[in-house]
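For the sequence shown, the residue numbers in UniProt numbering are 1 to 284.
Beta carbons: idealized from backbone N, C-alpha and C, even for Gly.
One structure below.
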Amino acid sequence: MTVSTAPSPAVVAEPAFGLLLDVDGPIASPVSRTVAITSIGRDLAAMANRGIPVIFNTGRSDDFIARQVVPPLREAGLHAGAPVFTISEKGAVWAEVTPEGLGEIHLDEELRLPAALADDVRALVAERFSGHMFFDETKRAMISLEQRTDVANEDYLAVQPEFDAAAPALLEKHQVRDVRIDPTIISTDIEHDRLGKDLGAARALELLQARGISPQAWYTMGDSRTDYAMASWLHERGHQVSHVDVRPADGIPETAHPVLTSDTGAIHDDAGAEFLSRWARSLC
1 MTVSTAPSPA VVAEPAFGLL LDVDGPIASP VSRTVAITSI GRDLAAMANR GIPVIFNTGR
61 SDDFIARQVV PPLREAGLHA GAPVFTISEK GAVWAEVTPE GLGEIHLDEE LRLPAALADD
121 VRALVAERFS GHMFFDETKR AMISLEQRTD VANEDYLAVQ PEFDAAAPAL LEKHQVRDVR
181 IDPTIISTDI EHDRLGKDLG AARALELLQA RGISPQAWYT MGDSRTDYAM ASWLHERGHQ
241 VSHVDVRPAD GIPETAHPVL TSDTGAIHDD AGAEFLSRWA RSLC
């Protein structure tokens, strides 16, 4: 499809709200690992084109964003200059999102894990776990193992604890400190302990401040308890924020800010699509 040649949107210094969005779950299907619902790309592009900041705050790599998230935005007519960014690998990597793809990739080298450790984890997966998971070669700072798409989630989850139990020996071998092992429903991340959705929120504000953008309020969205950290970080710094939980079955923690869930009982990207459409309509 031809890249949109529409004029750049005017910068809105104080947009009505900003969006800080986890990707797996709310935006990309945890089953297909794609943006499977057409309205998601349409509504995100429509809001961004009207000056609403759209920031993906994700553990995914910049490569995943470029391959899976940018094309639906391009197809929906995202304008050049719209305030869209990705903060990938839980704050270690960031870039502007444009109709052509990603802009310059920035990496915090202090948060990158040693290549030798990654090599040993890759070898461990190949030797013992390749029937259920794969080594994510696109990560720049983290080390991630992900469920194969041809494996049932319950089968993957049955094996995941065995990998998680084997990983600490490799951290000890390489004398790596200040690192945590973070399992999710479809992956395990080995990451510097400074990484997290709160670091992503801090990067988001820095990116917007550089453009002179200060949203009047925020909506954050995620599918796990760790995603609450971005809303908590914003609230603690005086921002008005509501968090959308698209997988509330894990239990909604007590928070000092509002927590929203689907009125229809939808979860994952179905719930994400509901909220995005609602927010896009509010601008009309």
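Check: Those residues which DSSP pairs with PHE56 across a bridge; Outcome: LEU21, THR86
Check: Residues that DSSP places opposite SER144 in a beta bridge; Outcome: ASP189
Check: Distance, ASP193 Cα to ARG128 Cα; Outcome: 26 Å
Check: Rounded straight-line distance, which links the Cα of ALA271 to that of GLY265; Outcome: 8 Å
Check: Residue(s) in a DSSP beta bridge with ARG180; Outcome: GLU191
Check: Assumed close pair GLY51, PRO99 - CB separation to whole angstroms, cut-off 8 Å; Outcome: Contact doesn't hold; Cβ gap of about 16 Å is too wide.
Check: Bounding residues of the beta strand (DSSP E) (the contiguous stretch that carries THR220); Outcome: 218–222
Check: Limits of the unbroken beta strand (DSSP E) element including ASP245; Outcome: 241–245
Check: Contacting residues, own chain, Cβ-Cβ under 6 Å from VAL151 (five flanking each side not counted); Outcome: HIS132
Check: Identity of the residues DSSP links to PHE134 by a beta bridge; Outcome: GLU146
Check: Residue nearest to VAL31 in terms of C-alpha spacing, selected from PHE163, VAL121, GLU146; Outcome: GLU146
Check: Counted within 10 angstroms of its Cβ, other Cβ atoms place THR149 as buried (16 or more) or exposed; Outcome: exposed
Check: Proximal residues to THR184 (C-beta, below 7 Å), its chain only, five neighbours per side dropped; Outcome: SER224
Check: Distance between ILE55 and LEU21 (C-alpha atoms, nearest Å); Outcome: 6 Å
Check: Minimum length 4: unbroken alpha helix (DSSP H) runs contained in the region 73–124; Outcome: 115–124
Check: Test item: CB-CB of ASP62 and LEU102 under 7 Å; Outcome: yes
Check: LYS173, buried or exposed, once every other Cβ within 10 Å from all chains shown has been counted against 16; Outcome: exposed
Check: C-beta atoms of ASP43 and ALA280 nearer than 7 Å; Outcome: yes
Check: Residue from LEU208, LEU113, ILE87 with nearest C-alpha to LEU170; Outcome: LEU113
Check: Candidates ALA202, TRP218, HIS239, PRO253, of which the one nearest THR226 by Cα; Outcome: PRO253
Check: 8 Å Cβ shell around ALA166 - same chain, five flanking residues per side excluded; Outcome: LEU124, ARG128
Check: Residues of its chain near LEU73, where Cβ-Cβ distance is below 8 Å and the 5 sequence neighbours each way are ignored; Outcome: GLY41, LEU44, ALA45, ALA48, VAL84, VAL97, PRO99
Check: Close beta carbons around ASP269, own chain, < 6 Å, minus the five adjacent residues each side; Outcome: SER29, ILE37
Check: Beta-carbon proximity list for ALA141, same chain, < 8 Å, skipping 5 on both sides; Outcome: GLU89, ALA92, VAL93, LEU107, ASP108, LEU111, ARG112, LEU113, GLU191, HIS192, LEU195
Check: Residue burial classification, GLY25 (beta-carbon count within 10 angstroms, cutoff 16); Outcome: buried
Check: Rounded straight-line distance, which links the Cα of LEU199 to that of TYR219; Outcome: 16 Å
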